[in-house]
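Taken in order, these protein sequences are the chains called A and B. Counting from 1, position 61 in the first sequence corresponds to residue 61 in full-length UniProt numbering; the numbering is continuous, with no gaps. Counting from 1, position 109 in the second sequence corresponds to residue 109 in full-length UniProt numbering; the numbering is continuous, with no gaps. Idealized CB from N, CA, C, for every residue including glycine. Structure, as C-alpha cells:
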Amino acid sequence: MRVALFVTCVNDTLYPRTGQAVVRLLERLGVEVDFPQPQTCCGQPQFNTGYRHETEPLVRRFDRAFADHEYVVTPSGSCAAMVRDNYPRIGAKAAAEGRGEELAEAAGRAVPKTYELTEFLVDVLGVTDVGAWFPYAVTYHPTCHGLRVLGLGERPRRLLEQVKGLELRELPGAQECCGFGGTFAVKNAAVSAAMGADKVRAVESTGAGAVCTVDNSCLMHIGGTLAKKGSAVRPVHIGEILAATEEEPYV
Amino acid sequence: MSGTSDTYLGMPAFPAAARDAVRNETLRENLRHATHTIRDKRAKAVAELDDWALLRAAGRDVKERTLRHLDHYLLQLEESVTAAGGTVHWAADAGEANRIVTALVKQTGQSEVVKVKSMATQEIGLNEALEAEGIRAYETDLAELIVQLGDDRPSHILVPAIHRNRGEIRDIFAQRMGSWGRPALAGLSDDPAELAEAARVHLREKFLRAKVGISGANFMVAETGTLVVVESEGNGRMCLTLPETLISVVGIEKVVPTWQDLEVFLQTLPRSSTAERMNPYTSMWTGTTDSDGPRTFHLVLLDNGRTDTLADEVGRQALRCIRCSACLNVCPVYERAGGHAYGSVYPGPIGAILSPQLRGTGSDVDASLPYASSLCGACYDVCPVAIDIPEVLVHLRERVVEGGEVTRNGERVTIKPAKGHTAERAAMRAARWVLDHPGALRAGQRLASRTRRLHPKRLPGPGRAWTDTRALPEVPAESFRDWWQRTRGGAR
Numbered sequence: 001m002r003v004a005l006f007v008t009c010v011n012d013t014l015y016p017r018t019g020q021a022v023v024r025l026l027e028r029l030g031v032e033v034d035f036p037q038p039q040t041c042c043g044q045p046q047f048n049t050g051y052r053h054e055t056e057p058l059v060r061r062f063d064r065a066f067a068d069h070e071y072v073v074t075p076s077g078s079c080a081a082m083v084r085d086n087y088p089r090i091g092a093k094a095a096a097e098g099r100g101e102e103l104a105e106a107a108g109r110a111v112p113k114t115y116e117l118t119e120f121l122v123d124v125l126g127v128t129d130v131g132a133w134f135p136y137a138v139t140y141h142p143t144c145h146g147l148r149v150l151g152l153g154e155r156p157r158r159l160l161e162q163v164k165g166l167e168l169r170e171l172p173g174a175q176e177c178c179g180f181g182g183t184f185a186v187k188n189a190a191v192s193a194a195m196g197a198d199k200v201r202a203v204e205s206t207g208a209g210a211v212c213t214v215d216n217s218c219l220m221h222i223g224g225t226l227a228k229k230g231s232a233v234r235p236v237h238i239g240e241i242l243a244a245t246e247e248e249p250y251v
Numbered sequence: 001m002s003g004t005s006d007t008y009l010g011m012p013a014f015p016a017a018a019r020d021a022v023r024n025e026t027l028r029e030n031l032r033h034a035t036h037t038i039r040d041k042r043a044k045a046v047a048e049l050d051d052w053a054l055l056r057a058a059g060r061d062v063k064e065r066t067l068r069h070l071d072h073y074l075l076q077l078e079e080s081v082t083a084a085g086g087t088v089h090w091a092a093d094a095g096e097a098n099r100i101v102t103a104l105v106k107q108t109g110q111s112e113v114v115k116v117k118s119m120a121t122q123e124i125g126l127n128e129a130l131e132a133e134g135i136r137a138y139e140t141d142l143a144e145l146i147v148q149l150g151d152d153r154p155s156h157i158l159v160p161a162i163h164r165n166r167g168e169i170r171d172i173f174a175q176r177m178g179s180w181g182r183p184a185l186a187g188l189s190d191d192p193a194e195l196a197e198a199a200r201v202h203l204r205e206k207f208l209r210a211k212v213g214i215s216g217a218n219f220m221v222a223e224t225g226t227l228v229v230v231e232s233e234g235n236g237r238m239c240l241t242l243p244e245t246l247i248s249v250v251g252i253e254k255v256v257p258t259w260q261d262l263e264v265f266l267q268t269l270p271r272s273s274t275a276e277r278m279n280p281y282t283s284m285w286t287g288t289t290d291s292d293g294p295r296t297f298h299l300v301l302l303d304n305g306r307t308d309t310l311a312d313e314v315g316r317q318a319l320r321c322i323r324c325s326a327c328l329n330v331c332p333v334y335e336r337a338g339g340h341a342y343g344s345v346y347p348g349p350i351g352a353i354l355s356p357q358l359r360g361t362g363s364d365v366d367a368s369l370p371y372a373s374s375l376c377g378a379c380y381d382v383c384p385v386a387i388d389i390p391e392v393l394v395h396l397r398e399r400v401v402e403g404g405e406v407t408r409n410g411e412r413v414t415i416k417p418a419k420g421h422t423a424e425r426a427a428m429r430a431a432r433w434v435l436d437h438p439g440a441l442r443a444g445q446r447l448a449s450r451t452r453r454l455h456p457k458r459l460p461g462p463g464r465a466w467t468d469t470r471a472l473p474e475v476p477a478e479s480f481r482d483w484w485q486r487t488r489g490g491a492r
C-alpha cells in the first residue's frame, strides 16, 4: 500500500522528528510513504480565526498535492479535523456566494481520503500492535479535535496498550481542553494559561514521565507550560512512541 | 445599540475582563466547584435515557421547523392567546418592550411588581426601566434575589449567583434584606436551610402584597396559547398565580407548535440544566380563567434582534437555545473567566454566539465574544438541541475580521470589519502567500533554522502573551521537508 504523508506545517517546521517517526513506523508496517512536495498547511489557523477566504487557496493546494493518492495520513488530529469538518463548509460557502462548485468538489475529494495517524493504523491497516517498545510510564491526553470532531475514541489507547514496556497512567480530567486553541492562546492568554496550568497539574499528578497526544499543537502548549515550570515530564507525540523499538529506541 | 439594554454598555472586551477574573482565586474556586458538580450530575442524568440521541435530534428538529415557519406559529399563538382572554403586544426592540410593560403596570395604578426569573426581561433591562418610572421590581427567584440584594449582576443563566459562596450570601442577606423589605433575623448563619428560610420569609410578604406579576416563559404553545415555566423553587408559581395582573415578556423564538412538542423538551431541559429527571414545578397558563389566577393577562412578544438572527443561515441555530446552561457548565473558558466577563446577560458559549447576533458586533465586548473560546467543542457535545456552537463562533469571527453582509433591523447591510484587526489581517494575507508557495515556506524554514541560536526566549508584541507562561519550542536544525529531500533525494 502506498500513502501520502501530510506532515502539516507545524510538524514540518518545528517537529520534524514526528514526521520522521511516522515515516519509520509506516514503512515498518509495510506501507510505502510519499511526501508530495506541494503540500504546506491545512489552513486551520486562518479559518479558525475568521479568515475563511485566506484558507481557500490551501484547500485547492491540498487537493492538488494529494490528487494521486488514495490515502492521506497525517499525525495531527486537528489538521485532519480541519479537512474533514471545515473543507466542506468552505466549499459550501463559496458555492453559496456564487463562486461555483470548484471548492466543494475539492473538499469532496479531500475528505474521504484523509486519515489521522491512529485512525489509519486501526481502521485501514487493522493493527493495534505495531511492535513498538517504549519502557516508560505515559499519560495520554485525548485532544479536543481528536476526541470530539474525529471521534477517535479508544483507538489511540488501544495502540498504546500494545506498546511493550509502556505503562499507561489515567489522566484526571482527560477530556478537558488544554487551553491551546490556536490563536486563542494569544488572544485570551490569561484563560489559556490557566487552562494549561490545570492540565499540567493533572499530568504531573499521574507521576508519568511523558504525556502524549495525537497533536503537536496541543503538545507545544502543554510542553511549553511544563518546560516553563521546570517539570521533568516530557511531551511526546504518539507517533514517536509507536515508532520506537528496541533496535531503534526513542531518544 | 438602540434596541438593547444599556446595562452592559462600556464593558471591556472579553480578554481584559477575563484576565481580572482569572486572578480572583475565590471566584475561580466557587465556579470550579459548582460547574464540576453540576456537569457530573448532568452526565449521569443524561446517561439514564437510552434514547438521548433521538431526543436531542427531535428537539433540534422541532425548533428548526418552528423557526422556518416562525411567522405562521406566532400568528397562531396570538390568535390562541387572544381567544383565551389574553392580550398580545409586539415589541420590536428593548425600548418598545419596556415602554409597553411600564404602561401596563401604570394602568394598574401599582408601583411595585414581583418577578419570576426571566432572561428576556434581563436582556431588555426591564428592572432599570421600571425603576426610572418609579416602579420597583422584586426578583423572587432565590439566586436572582441574591443578585438583586447584592447590587450585582447575574453570572450564569440558570444559577445567577453561581459566583457567590454561602458565606457571601449570608452577608448579603444580613446586610441588605432590611432595605428591600423584611430583614433577616439576627444571627443568620450560612447553613443552606437557614438561608432558604430567610429568603422564604422575606419573599412571602411580597407575594401576598403584589398586585402585578411579571414573568418570562420557557415555551409558548401555538395551538392553545399556553405558556410554560419550569422551575425548582415554586416562587415562580406564586408570581404566576397570586397577582391580579400577569405580564409575560417572551422572546419570539420560544414558540412551539403543539403540546406534543413539549414532551421532548420537558425531558431534555431539566436533565441538561439541573440534572434532574423532572423539575419540581412546571406551571402552565392559558389566557385568563374566572376565579383562578390572574384576572388580566398580557403577553409581550419580544424580537430585539431575533428576526435579524433568523436571517443568518449559520447563526440562526442559536435561536434553538432552550437556556438550559449545560454549555456553561462544561466550558473550560467560562469556568475560569466567570459569567461577568461576557458582558451580557447570556454568558458562556451560548452567550458568545447569541449576544453578538442580537446586539451586533459593533462594541468591543461583542467583537471579542466570538474569540472567547478554544473551540474545544464540549458545548456542542452537551447541547440538548445540538447547536453547533463552534461552527457559529468561527462564522462570527469571520464577520468580525472581514465584515460583510448582515441583516440589521430587517435590512441587508454591509458592515466593516471591527477595528483592531489590521495587523492580523496583513499577517494572514502574508501567510496565505507563503503557504501557497512551498519554495517560500522552505526558505523561511531554512532562515529560522540557521538563526535558531539567536531566537529570543521571550517574544515582543502579541507573542509575549505566549512566552510569559510557556516556553517556546526550539526550532530544529532541519525541517522535515529538508530532511526528506536530503534522505530521499527529492523522490516523491
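At least 8 Å separates the CB of Asp40 (chain B) from every CB of chain A. In the three-state reduction of the DSSP assignment, Cys79 (chain A) falls in the helix class. With respect to Ala431 (chain B), Gln46 (chain A) sits close: the two C-beta atoms are nearer than 8 Å.
Assigned with DSSP and collapsed to three states, Lys457 (chain B) falls in coil, not helix or strand. Among the CB atoms of chain A, none fall inside 8 Å of the CB of Met177 (chain B).
Annotation for Leu55 (chain B): the continuous alpha helix (DSSP H) segment containing it runs Trp52 to Arg68. Excluding five sequence positions before and after Glu78 (chain B), the CB atoms of its chain that fall closer than 7 Å to its own CB belong to Val88, given in chain order. Taking the Cα positions, Pro249 (chain A) is about 48 Å away from Ala94 (chain A).
Cβ neighbours of Glu478 (chain B) within its own chain (closer than 8 Å, five residues either side excluded): Ser449 and Arg486. Nearest neighbour of Met238 (chain B) by Cα position, chosen from B:Asp468, B:Leu354, B:Gly293 and B:Met220, turns out to be B:Gly293. In the displayed model, Lys106 (chain B) falls within a helix according to three-state DSSP. For Ile353 (chain B), the closest of B:Gly234, B:Val394, B:Val333 and B:Arg60 by C-alpha to C-alpha distance is B:Val394. If you ignore the 5 residues before and after Glu204 (chain A), its C-beta comes within less than 7 Å of the C-beta of Ser231 and Val233, all in its own chain and listed in chain order. At least 8 Å separates the beta-carbon of Val333 (chain B) from that of Val382 (chain B). Between the beta-carbon of His141 (chain A) and that of Ala174 (chain A) there is about 6 Å, and that keeps the pair under the 8 Å contact cut.
Closest by C-alpha distance to Ala194 (chain A), out of B:Glu25, B:Ser368, B:Met428 and B:Val392, is B:Glu25.
Chain-ordered, the chain B residues with CB closer than 9 Å to the CB of Leu58 (chain A) read Arg432, Leu435 and Asp436. Shown here is that no member of the stretch 121 to 139 of chain A has a Cβ falling below 7 Å from a Cβ of chain B. In this structure, the beta-carbon distance from Ile350 (chain B) to Cys327 (chain B) falls below 8 Å. For Cys212 (chain A), the secondary structure class from DSSP, reduced to helix, strand or coil, is strand.
In the three-state reduction of the DSSP assignment, Ala65 (chain A) falls in the helix class. For the C-beta of Arg52 (chain A), the chain B residues within less than 7 Å are, from N- to C-terminus, Glu398. For Gly251 (chain B), the enclosing beta strand (DSSP E) stretches over residues Thr245 to Gly251. Around His221 (chain A), the beta-carbon contacts reaching into chain B at under 8 Å are Arg470.
The C-beta of Met1 (chain A) has fewer than 16 other C-beta atoms within 10 Å across all chains shown, which makes the residue exposed. Among the residues of chain A, those whose CB is under 7 Å from the CB of Gly377 (chain B) are Cys144, Arg148 and Val149, following chain order. Listed in chain order, the non-local C-beta contacts of Asn48 (chain A) below 6 Å within the same chain comprise Gly182, local neighbours out to five positions each way being set aside. As a beta-bridge residue in DSSP terms, Arg169 (chain A) pairs with A:Thr139. Lys113 (chain A) has a beta carbon lying at 8 Å or more from every beta carbon in chain B.
With the criterion set as a beta carbon lying under 7 Å from some beta carbon of chain A, the stretch 251 to 276 of chain B has no members that meet it.
Identification of residues in the stretch 30 to 41 of chain A having a C-beta nearer than 9 Å to some C-beta of chain B yields Asp34, Phe35, Pro36, Gln37, Pro38, Gln39, Thr40 and Cys41, given in sequence order. Residue state for Met1 (chain A) is assigned as coil, using DSSP reduced to three classes. Using beta-carbon distances, Cys79 (chain A) does not count as an interface residue toward chain B, since no partner is under 8 Å.
Annotation: Cβ neighbours of Pro15 (chain B) in chain A (cutoff 9 Å, chain order): Lys187, Asn188, Ala189, Ala190 and Val191. In the structure shown, Phe297 (chain B) falls within a strand segment according to DSSP collapsed to helix, strand and coil. For Thr414 (chain B), the enclosing beta strand (DSSP E) has its first and last residue at Glu411 to Ile415.
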